[in-house]
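Right, one structure below, let's go through it.
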Amino acid sequence: MATMRSMRSMTMHPTDHRLHRRTPRGAALVLVLVALAIGLMMVATFLDGRRESVPVSARISDAAQARRTADSGLELVLSSILASDDWIEDVASGSLDAPFRIADGLCTARVLDATTNLPPTGETLQIRIACTADIDGLAMVAEETFDISPMIDRPLDLAFGETALLAESAIRVEDDAALLAWAGSDGGPAAPLVVGTLGGDPHDFEVTDTAITSGCEVVMVDARCYEMGEETAGIRLIPDPLPPISAPAIPVVREGRTETAVVLDAAPVTDIDAPSIRIRAGTRMLIEGDRILHSRGDFRIESGAEIEVARGTLVIDGDALVSIHDAEIAVAPAGRLLIRGGRELRIDDGGIGPRDATDREALTPAGMLPVDVDPKPVNLTGGPGCTIVMEGDAMVTAVVIAPDADVRVEDDVLLHGRIVADAIEIGGRAVVYAAPDDGSVVGLTSPQGPHRDEDGDLLPALQVEDRTSAAAVDSIAAELETPVVSLDQSNRNTDKDWKQTLRELRRGWRQAGLSRAEIRMKRREWRIARRRGS
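Counting from 1 along the sequence shown, just add 3 to a position and that's the residue number in my numbering.
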């Protein structure tokens, strides 16, 4: 029984065997291997990227260095040009095209006229320099445009010779009038007609809807915009107001004063100073020397009168009214004409100007005089408060310098020249042909030039009204070391330009082997001797 109980007990309570679960060591090992593989791949990628990035970094460094080298080469070429009077010949001969080294780079430069894209000439105003730097086969280019003084010296015009219309207060072009460029049709670049007021307010230049203008550039005074280098189409930006100008000096009659009215029907043999002067209708005169005709009252030239100034200067001067009605006054190349009205100067019909340019038969098919006709020998002016009127179908070729007068051009007048006045009105069907600013002279309205200091302001010597006097012109020329012209000097032969002489002397000194210090001393001695001689 005991044995059976024991068996039953064994049957009822089987032996307790512990069951062990399978551990995840295999999966963990797989994950570790995967992570290790990914890590190895990342390390390999990193090392490969490092291997590739080293040359890339080197190329970036080379590019930066090449850029700096190109900039340095450009500055070196510009410095060489500014330091040499023979740089145009150097460009033509290829001297500036020769490769040169800066640090680890090899540079080559190319210099062109920025306007024509051709090699520069003596008349070049802007050059474009392109410098290429090569470092280990990597090339970078630095290119920039620079203003440069032309080797053919342009004179500085003290009488606003670059302007078309310049007024103290206002300019108005109205009705069917036209302001057009007096220029040839050679297809060259268009130069602007410079217009404006001394104060430089563009609103003082007014053109009505029916009037016509072409290619105008209006003077604007704005120091802040000038300093920022802003360029606006149709605006000539300068930093300071323009200085006033004196009227042309009128010579004084030394002899020939009379207290009776004078009536002329032939050329006078002496100067005249009379209470009034009248040139009869149909009179023909030939002036062959300097002659001053001064009326203390009215001065009248009647219809049909013909006056030719073959040589010398003819002065027609009236303290009251100067009336020229349907008359012709022609000026030969060796002559000059100066007309002044005290209270009023009135030109009605007729023609005044250079010989063969006093009637409309001389016009080209374009409706204007040939561009080689020079208006400068004929000057019109007026006294304080004077009114200068051109009316009818008058044809006038002249320079009007009347800073104290109002000028009106009306009806069917045809004017070739330019006007400087207190106020200017062009109306009716009048047409004014003015020469554009073609760069033949440097004017006071020019933003850059020898007449301005480093800040762009006009030099003090140019801010006086009487700067056009002979003494002032010579003094300014010596101070600025540049050829200078005023109204009556615009026809001088520039072959005698003293600055050209100085350039030739400097070239000779260099060819003689003188050092820079010796050349500077020679140049100083030459200037001192010239000033003493003047």
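C-beta: ideal position from N, C-alpha, C; glycine also.
Practice prompt. Taking 8 Å as the threshold, find out whether the stretch 369-378 comes into contact with the stretch 388-402 through three or more Cβ pairs.
Written response: yes
For I151, which three-state DSSP category applies? Stepping through the sequence shown from its first residue, residue 151 is reached at position 148. Coil at I151, not helix or strand.
Could you tell me if D189 is buried or exposed, where buried requires 16 or more neighbouring beta carbons within 10 angstroms of its beta carbon?
Here residue 189 refers to the residue found at position 186 of the sequence shown. Only weak support is given to the placement of D189: the predicted model assigns it a pLDDT of 44, under 50, and the value that follows is read from those uncertain coordinates. Burial call: exposed.
Quick one: give me the first and last residue of the alpha helix (DSSP H) that A236 is part of.
Counted from its first residue, the sequence shown places residue 236 at position 233. Run containing A236: none; DSSP gives neither H nor E here.
TODO: Could you name the residues of the same chain whose beta carbon sits closer than 6 Å to that of M143, not counting the 5 residues immediately before and after it, in chain order?
DONE: Translated into the one-based positions of the sequence shown, residue 143 becomes position 140. Once the five neighbours on either side are set aside, the close Cβ partners of M143 are A69, R70, A73 and A136.
Following the continuous beta strand (DSSP E) through S298, name the residue where it begins and the one where it ends. As a first step, residue 298 must be located in the sequence shown, where it is residue number 295. Run containing S298: R294 to S298, per the beta strand (DSSP E) assignment.
Residue-level contact to chain B via CB, T48, 8 Å cutoff | No chain B appears in the structure shown, which is made up of a single protein chain.
Once DSSP output is grouped into helix, strand and coil, what is the label at M371? For this step, residue 371 is matched to residue 368 along the sequence shown. Note: M371 maps to coil in three-state DSSP.
**Prompt:** Relative to the C-alpha of A461, which residue among A335, L161, G353 and G307 is closest?
**Reply:** Reading the sequence shown from its first residue, position 458 is the one you call residue 461. It should be pointed out that residue 461 corresponds to Leu in this sequence rather than to Ala. Checked all of A335, L161, G353 and G307; the closest Cα to L461 is L161.
I need the DSSP call for P463, collapsed to helix, strand or coil. Here residue 463 refers to the residue found at position 460 of the sequence shown. Here P463 sits in helix by DSSP.
Less than 7 Å separating the Cβ of G259 from some heavy atom of the ligand ATP? As far as ligands go, the structure on display features none, and thus does not contain the ligand ATP.
Look at the Cβ atom of G459, then the Cβ atom of R157, and state whether they are nearer than 8 Å. Residue 459 sits at position 456 when you count from the first residue of the sequence shown. Residue 157 sits at position 154 when you count from the first residue of the sequence shown. No.
| field | Between the CA atoms of L159 and G338 - distance to the nearest angstrom | value | The sequence position of residue 338 within the sequence shown is 335, counting from 1. The sequence position of residue 159 within the sequence shown is 156, counting from 1. Going by the C-alpha atoms only, they are around 24 Å apart.
Worksheet entry | P192, buried or exposed, once every other Cβ within 10 Å from all chains shown has been counted against 16 | Looking up residue 192 in the sequence shown gives position 189. Confidence at P192 is low in this model, with a pLDDT of 48, below 50, so the placement of that residue should be treated as unreliable; the coordinate-derived value is given next. Under this definition P192 is an exposed residue.
L182 and T216: beta carbons closer than 8 Å?
One-based indexing of the sequence shown puts residue 182 at position 179. One-based indexing of the sequence shown puts residue 216 at position 213. Cβ atoms of L182 and T216: closer than 8 Å.
| Quick one: Cα of V325 to Cα of V374, how far? | By 1-based counting over the sequence shown, the position of residue 325 is 322. By 1-based counting over the sequence shown, the position of residue 374 is 371. Looking at the two C-alpha atoms, the distance is approximately 29 Å.
- Query: What is the DSSP secondary structure of M44, counted as helix, strand or coil?
  - Reply: Position 41 of the sequence shown, counting from 1, holds the residue named residue 44. M44 falls in the helix class under three-state DSSP.
For C228, which three-state DSSP category applies?
-> In the sequence shown, the residue the question calls residue 228 occupies position 225. Helix, per DSSP.
Is S172 near A433, with beta carbons less than 8 Å apart? As a working mapping, residue 172 is identified with position 169 in the sequence shown. As a working mapping, residue 433 is identified with position 430 in the sequence shown. Result no, Cβ atoms of S172 and A433 do not sit closer than 8 Å.
Do you know whose CA, among V392, L81 and R294, lies nearest G344's CA? Position 341 of the sequence shown holds residue 344. The shortest Cα separation from G344 among V392, L81 and R294 belongs to V392.
Check your understanding: Quick one: is H206 buried, meaning 16 or more other Cβ sit within 10 Å of its Cβ, or exposed?
Key -> Along the sequence shown, one-based indexing puts residue 206 at 203. With fewer than 16 other Cβ atoms within 10 Å, it is exposed.
Note to self: Here's the rule I'm using: 16 or more other beta-carbon atoms within 10 Å means buried, otherwise exposed. How should E331 be labelled?
What the structure shows: Counting from one through the sequence shown, the residue named residue 331 turns up at place 328. Label assigned to E331: buried.
Would you call the CB atoms of V224 and P244 closer than 8 Å?
Residue mapping note: residue 224 aligns to position 221 of the sequence shown, counting from 1. Residue mapping note: residue 244 aligns to position 241 of the sequence shown, counting from 1. Yes; because the gap between Cβ atoms is below 8 Å, this pair is in contact.
Problem set entry | Where the alpha helix (DSSP H) containing L483 begins and where it ends | Working through the sequence shown from its first residue, we reach residue 483 at position 480. It spans A473 to L483 - the alpha helix (DSSP H) in which L483 sits, taken as one unbroken run.
By how many angstroms is the C-alpha of S75 removed from the C-alpha of V57?
Locating residue 57 in the sequence shown gives position 54, where the first residue counts as 1. Locating residue 75 in the sequence shown gives position 72, where the first residue counts as 1. Confidence in V57 is poor, its pLDDT being 49 and thus under 50, which makes the residue's placement too unreliable to answer from.
Quiz item: Given V488, which residues of its chain have a CB within under 6 Å of its CB, disregarding the five upstream and five downstream residues?
Solution: Start at 1 with the first residue of the sequence shown, and residue 488 comes out as number 485. P158 and D160.
Three-state secondary structure (DSSP) of D243: Along the sequence shown, read from residue 1 onward, the residue named residue 243 stands at position 240. Reduced to three states, the DSSP call for D243 is coil.
If you follow the alpha helix (DSSP H) that D351 is in, where does it begin and where does it stop? The sequence position of residue 351 within the sequence shown is 348, counting from 1. Element bounds for D351: not the alpha helix (DSSP H) but the beta strand (DSSP E), E347 to D351.
- [ ] Using 10 angstroms around the beta-carbon of T471, count the other beta-carbons present and answer buried if the total reaches 16, otherwise exposed.
- [x] Here the question's residue 471 lines up with position 468 in the sequence shown. So T471 counts as buried.
Check your understanding: How is R257 classed by DSSP in three states: helix, strand or coil?
Key -> As a first step, residue 257 must be located in the sequence shown, where it is residue number 254. Residue state, collapsed to three classes: coil.
* Asked: When the distance is taken between beta carbons, is D139 closer than 8 Å to D65?
  -> Your numbering for residue 65 matches position 62 in the sequence shown. Your numbering for residue 139 matches position 136 in the sequence shown. Taking 8 Å as the Cβ cut-off, D65 and D139 qualify as a contacting pair.
Query raised in the report: Expressed to the nearest angstrom, what Euclidean distance is found between the alpha-carbon atoms of P450 and L240?
Result: In the sequence shown, the residue the question calls residue 450 occupies position 447. In the sequence shown, the residue the question calls residue 240 occupies position 237. Answer to the nearest angstrom: the Cα atoms are 7 Å apart.
For S306, which option in A101, V312, F163 and R287 has the closest C-alpha, if you only look at C-alpha atoms?
Translated into positions along the sequence shown, residue 306 becomes position 303. Of the candidates A101, V312, F163 and R287, the one whose C-alpha sits nearest the C-alpha of S306 is R287.
Next on the checklist: Using a 10 Å radius around the Cβ and a threshold of 16 neighbouring Cβ atoms, would you call T384 buried or exposed?
Outcome noted: Residue mapping note: residue 384 aligns to position 381 of the sequence shown, counting from 1. Its Cβ being crowded by 16 or more others within 10 Å, T384 is buried.
**OP:** Could you tell me the boundaries of the alpha helix (DSSP H) in which I429 lies?
**Re:** Numbered from its first residue, the sequence shown carries residue 429 at position 426. Run containing I429: none in the alpha helix (DSSP H); it sits in the beta strand (DSSP E), L417 to I429.
Span of the alpha helix (DSSP H) around I94:
By 1-based counting over the sequence shown, the position of residue 94 is 91. In the sequence as displayed, the identity of residue 94 is Val instead of Ile. Per DSSP, V94 belongs to the alpha helix (DSSP H) from W90 to S96.
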